[in-house]
Amino acid sequence: MRLRSALCSTASVVCALTLLSACGGGSTTAASSSDKPLVGVDYPRSDTDFWNSYIKYTPQFAKELGLDLKTTNSQNDVAKLTANAQTFMSQGVKGVAMAPQDTAAIAPTLAQMEAKKIPVVTVDTRPDSGKVYMVVRADNRAYGEKACQFLGTKLGGKGKVVMLQGGLDSINGRDRTEAFNDCMKKNYPGIKVLGEATNWDGAIAAQKLQTDLTANPDIKGVYMQSSFALAGTLQVLKQRGLLVDPKNKKHVFVVSNDGIPEELKSIAAGKIDATVSQPADLYAKYALYYLKAAIDGKKFKPGKTDHDSTIIQVRPGLLEDQLSAPLVTADGGTYGGVPSVKSDDKSLWGNNLG
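Printed below as a string of structure tokens:
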């Protein structure tokens, strides 16, 4: 029997969202005379298209859910995130959503907010320790596995690929790296993986890809763990005469993660070959949804949700809502048993930005 959230015992999540949407608008100022709950959202960075999309969606869903909103930007700096959390607490917020990029160093801040009974929802990343009300995230191990199956199929199980890792101080970087390596060893042992740590820095990624291609001109695949590396990767491939049609024998197969509009356009143009669409819109929506639920005293359990996801228990007292993140390709085919959707599919958030 499927377990559902306690909320679903009285009404579906969809119905709950509908009722909350009727509550009215929000603002970016303090609650003052408003009776709408004031929540804080810290944006982790604003130097990537993915996170800029998340920033765009957040006030939209705050308004729909009837929440007043305070925002900060920690710019990929855990010290700034800690300071921003202190600011939120001084402003009297009822809950905080954050996306800590250093998932170990955030523990003391989480402990402080727990002591003050301020619920926290983390988005995209899961803290290595400490309690939060809910983690809103996609299955990042599945990202690495999907990239592996696509590249393994395209390369026929042989050759060399470069993996441009994110940051290994992040659970996301570790999950994607470990899953990609494990999948390759198990399913495509004839493929050599050149792993490159980049700390989510596009310039570092481009430089390391350039070095790898010089030493290994027979590289036939690239796995970028996020779209942070997209521009630099395309530039390096172009400089080397490798940015060619997928039917050309010189083509280097490229898989990314995020699903930003530029990736989808690049797939359609034959510049890259696939991505995994990380749901920027749903991250914003359900981060705020769970903050509202926490303020309202709702409880959740592991199991299927009403929004095409599964809540899992990561460790005692920590739940994670794993949202859907499909593989995206030009043809919508199946690769290594992994189905994909076409890059022009209108269900993808990257095709629906204004």
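Just so we're aligned, residue 0 is where the sequence shown starts under numbering that gives the first Met the number 0, counting upward by one.
By construction, the Cβ of each residue, glycine as well, lies at the ideal position given by its N, Cα and C atoms.
The structure presented is a predicted model; accordingly, all values stated were derived computationally and were not measured.
Give a yes or no on whether the C-beta atoms belonging to Ala279 and Tyr53 are separated by under 8 Å. Note that the C-beta distance between Ala279 and Tyr53 is below 8 Å.
According to DSSP, is Phe179 helix, strand or coil? The answer is helix: DSSP assigns Phe179 an H, G or I state.
Please work out which residues of its chain come closer than 7 Å, Cβ to Cβ, to Gln277, disregarding the five sequence neighbours upstream and downstream, and give them in chain order. These residues qualify, in order along the chain: Phe49, Ala137, Asn256, Asp257, Gly258, Ala324.
At the 8 Å Cβ level, is Val340 part of the contact set with chain C, yes or no? Protein chain content of the structure displayed is limited to a single chain, and chain C is not contained in it.
By DSSP's criteria, Glu261 is part of a beta bridge. Which residues make up the other side? The partner list for Glu261 (beta bridge, DSSP) is empty, contrary to what the question assumes.
Inspect the CB distances between the stretch 241-251 and the stretch 176-193 and report whether three or more fall short of 8 Å. Verdict: no, contact absent.
Residues sharing a beta bridge with Ile190, DSSP: DSSP, once it has assigned bridges, lists Gly158 as partnering Ile190.
Could you tell me the distance, in whole angstroms, from the CA atom of Gly349 to the CA atom of Val327? Approximately 11 Å between the Cα atoms of the pair.
Taking all protein chains shown into account, decide if Ser128 is buried (16 or more other Cβ within 10 angstroms of its Cβ) or exposed. With fewer than 16 Cβ atoms within 10 Å of its Cβ, Ser128 is classed as exposed.
Helix, strand or coil, according to DSSP, for Ile271 in the structure here? Three-state result, Ile271: coil.
My assumption, with CB atoms under 8 Å, is that Leu154 sits in contact with Gly220. Please give the rounded CB distance. Confirmed, Cβ separation roughly 6 Å.
Considering Gly220, what are the terminal residues of the beta strand (DSSP E) in which it resides? DSSP places Gly220 in the uninterrupted beta strand (DSSP E) bounded by 218-223.
Coil, strand or helix - Ala96 by DSSP: In the structure shown, Ala96 sits in a strand (DSSP, three-state: E or B).
List the whole-angstrom C-beta distance separating Ile170 from Thr81, where the pair is believed to meet the contact cut-off of C-beta under 8 Å. With 8 Å as the limit, Ile170 and Thr81 do not qualify as a contact, their Cβ atoms being about 18 Å apart.
Runs of alpha helix (DSSP H) wholly within the stretch 99-158 (minimum 4 residues, chain order): Runs of the alpha helix (DSSP H) spanning 4 or more residues and lying entirely within the stretch 99-158 occur at 106-114, 139-153, in chain order.
Leaving aside the five residues before and after Gly231 along the sequence, list all residues of the same chain whose C-beta is less than 6 Å from its C-beta, in chain order. Closer than 6 Å at Cβ, skipping near neighbours: Gly201, Ala204, Ala205.
Cut-off 8 Å between Cβ atoms - residues of its own chain near Gln59, not counting five sequence neighbours on either side: So the qualifying residues of the chain are Ala283.
For Arg314, list the residues DSSP reports as bridge partners. Paired residue(s): Leu317.
On the DSSP bridge list, what partners appear for Ala196? DSSP, once it has assigned bridges, lists Gln164 as partnering Ala196.
How big is the Cα-Cα spacing for Ile105 and Lys69? Each residue's alpha carbon lies about 20 Å from the other.
Find the nearest neighbour of Lys237 within the set Ser339, Pro118, Tyr285, Ile271, judged by alpha-carbon distance. Considering only alpha carbons, the answer is Ile271.
Three-state secondary structure (DSSP) at Leu247? Checking the sequence, you will find Asn at residue 247 rather than Leu. Reduced to three states, the DSSP call for Asn247 is coil.
Quick check on the DSSP output: the beta strand (DSSP E) that includes Gly72 runs from which residue to which? Looking at the sequence itself, residue 72 is Asn, so the reference to Gly does not match. Run containing Asn72: 67-72, per the beta strand (DSSP E) assignment.
Would you decide whether Gln90 is buried or exposed? Buried here means 16 or more other CB atoms lie within 10 Å of its CB. If you draw a 10 Å sphere on the C-beta of Gln90, you find fewer than 16 other C-beta atoms in it, and that means exposed.
From Ala78, Asp168, Leu66, Thr71, pick the residue whose C-alpha is nearest to that of Lys93; which is it? Comparing alpha carbon positions, the residue from Ala78, Asp168, Leu66, Thr71 closest to Lys93 is Leu66.
Since I believe Val77 is in contact with Thr57 (beta carbons under 8 Å), could you give me their beta-carbon distance rounded to a whole number of angstroms? Incorrect: roughly 20 Å between the Cβ atoms, too far for contact.
Assuming Pro99 contacts Thr124 under a Cβ cut-off of 8 Å, what Cβ separation, rounded to an integer in Å, is found between them? That pair is a contact at about 6 Å.
Do you know offhand how far Ala286's Cα is from Thr121's? Between the alpha carbons of Ala286 and Thr121 lies a gap of roughly 7 Å.
Alpha-carbon spacing of Ala30 relative to Lys79, whole angstroms: In this predicted model, Ala30 has a pLDDT of only 39, less than 50, meaning its place in the structure is not dependable; the value taken from the coordinates is given anyway. Distance between the alpha carbons of Ala30 and Lys79: 24 Å.
Looking at the structure shown, is Pro338 part of a helix, part of a strand, or coil, going by DSSP? The answer is strand: DSSP assigns Pro338 an E or B state.
Check for me: the alpha helix (DSSP H) holding Gly231 runs from which residue to which? If you look at Gly231, you'll find it in the alpha helix (DSSP H) that goes 229-238.
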